[in-house]
Amino acid sequence: MQIGAFYPFSRNHNGNKAFDQDPASWSALAVSIMISALQIRYTLLPYYYTLFYKAHTQGSTVIRPLFHEFSTDKTTLDIYLQFLIGPHIMIAPVTDDGARQVRIYIPSSHWYNYYTGSLIQTQQQFVIAEAPLETIPILLRGGAILPTQGYALNTKYSREKPFGLIIVLNANGRAEGDLFYDDGESLDTIDSQNYYYASFKWSSENSKLSINVIKNNYAHMSRLILDSLVIYGWNRIPTRIRVNNKQVHPIVKFHMQIVHIEKLALVMNTNHIVTWDEIANNDD
Numbered sequence: 135m136q137i138g139a140f141y142p143f144s145r146n147h148n149g150n151k152a153f154d155q156d157p158a159s160w161s162a163l164a165v166s167i168m169i170s171a172l173q174i175r176y177t178l179l180p181y182y183y184t185l186f187y188k189a190h191t192q193g194s195t196v197i198r199p200l201f202h203e204f205s206t207d208k209t210t211l212d213i214y215l216q217f218l219i220g221p222h223i224m225i226a227p228v229t230d231d232g233a234r235q236v237r238i239y240i241p242s243s244h245w246y247n248y249y250t251g252s253l254i255q256t257q258q259q260f261v262i263a264e265a266p267l268e269t270i271p272i273l274l275r276g277g278a279i280l281p282t283q284g285y286a287l288n289t290k291y292s293r294e295k296p297f298g299l300i301i302v303l304n305a306n307g308r309a310e311g312d313l314f315y316d317d318g319e320s321l322d323t324i325d326s327q328n329y330y331y332a333s334f335k336w337s338s339e340n341s342k343l344s345i346n347v348i349k350n351n352y353a354h355m356s357r358l359i360l361d362s363l364v365i366y367g368w369n370r371i372p373t374r375i376r377v378n379n380k381q382v383h384p385i386v387k388f389h390m391q392i393v394h395i396e397k398l399a400l401v402m403n404t405n406h407i408v409t410w411d412e413i414a415n416n417d418d
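Numbering (my numbering), first residue to last: 135 to 418.
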């Protein structure tokens, strides 16, 4: 279920005469591992949803092999276990029984460990990564801003949770992304223009996040908030955080090598400029 949690169509399938294999039929440890993977999936659903919007309107892919993104790298032609979710998330599953490490090919780009925020210090080479039973290796590609949302027991309730942005810096300290959102049920929201679409852009040169609402025709968006930023590749501590030139006082934390800014409470249907000063992180 760890790998299946990241497939767009993720469900358990079984037959009447087969052994039970639903999550509740396994040990407590196995259940906790499944829950962890599914919670990550749920937080990434806005990113998946935006990818499906682009697949529908532009003909792009949601799940893709590495050679779709790195077409000049011949090594990627033979990579069949690793896969990408859009251009920016790499899943490297463990498929050998009992293995606690996995061999991962690192294409030419900035890649970060999803769990620790550490930058992978190699490119266009294979690395041996630790893969304990509790986690599935996930890498984030620099240059992305990934929209997220809190998890819940089902998507009806998760859609009411606060949004977040995962900001993953590239070698130039930049990142960008977008979000498509609608009511999640109607079939004609694109044709009828009843949807929300926003772009996000980050620049490390002036420590600025720009949130630009391009289409604001999903009324329920006014009741939802952007509450958190999670930043990879930023080794300084944000101070004097400002939203639209007004100082705010969110919670700022460092965990591993990841910066967390929480309790921003920015309404989603409005443009925002988020800036801050910074000081050196003495633990870096």
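Where is the CB? At the ideal position from N, CA and C, for every residue including glycine.
Here the alpha carbon of TRP160 sits roughly 9 Å from the alpha carbon of ASP154.
For the pair TYR352 and ASP317, the CB atoms are nearer than the 8 Å cut-off. For the pair ILE300 and THR289, the CB atoms are not nearer than the 8 Å cut-off. When beta bridges are read from the DSSP output, PHE140 appears opposite no residue. DSSP, read as helix, strand or coil, puts ILE385 in strand. Membership of LEU185 in the alpha helix (DSSP H) is indicated by the continuous run 179-192. Spatial neighbours of GLN136 in its own chain (CB-CB distance under 6 Å, excluding positions within 5 residues in sequence) are listed in chain order as ALA171 and ILE270. If the five residues before and after ILE213 are omitted, its C-beta is found closer than 8 Å to the C-beta atoms of PRO199, LEU200, PHE201 and TYR239, all from its own chain and listed in chain order.
Given a length threshold of 4 residues, the stretch 205-287 has no whole run of the alpha helix (DSSP H) inside it.
Per the coordinates, the alpha-carbon of TYR315 lies some 7 Å from the alpha-carbon of TYR183. Taking C-beta separations shorter than 6 Å and ignoring five residues to either side along the sequence, the partners of ILE385 in its chain run GLU396 and LYS397, following chain order.
Rounded to the nearest angstrom, the gap between the Cα atoms of SER362 and ILE348 is 21 Å.
PHE297 and LEU360 have their alpha carbons spaced roughly 5 Å apart. Going by beta carbons, ASN350 and ASN403 fall inside the 8 Å limit.
In the structure shown, the three-state DSSP call for SER170 is helix. Secondary structure at SER333: strand, using DSSP grouped into helix, strand and coil. Between the alpha carbons of GLN259 and SER243 lies a gap of roughly 11 Å.
According to the DSSP secondary-structure assignment, ILE407 is paired through a beta bridge with SER344. Here DSSP, grouped into helix, strand and coil, assigns PRO157 to helix.
Linking VAL408 to THR323 through their CA atoms gives a straight-line distance of about 30 Å. For LYS397, the enclosing beta strand (DSSP E) starts and ends at 392-401. Between VAL401 and LEU273, the alpha-carbon positions lie close to 30 Å from each other.
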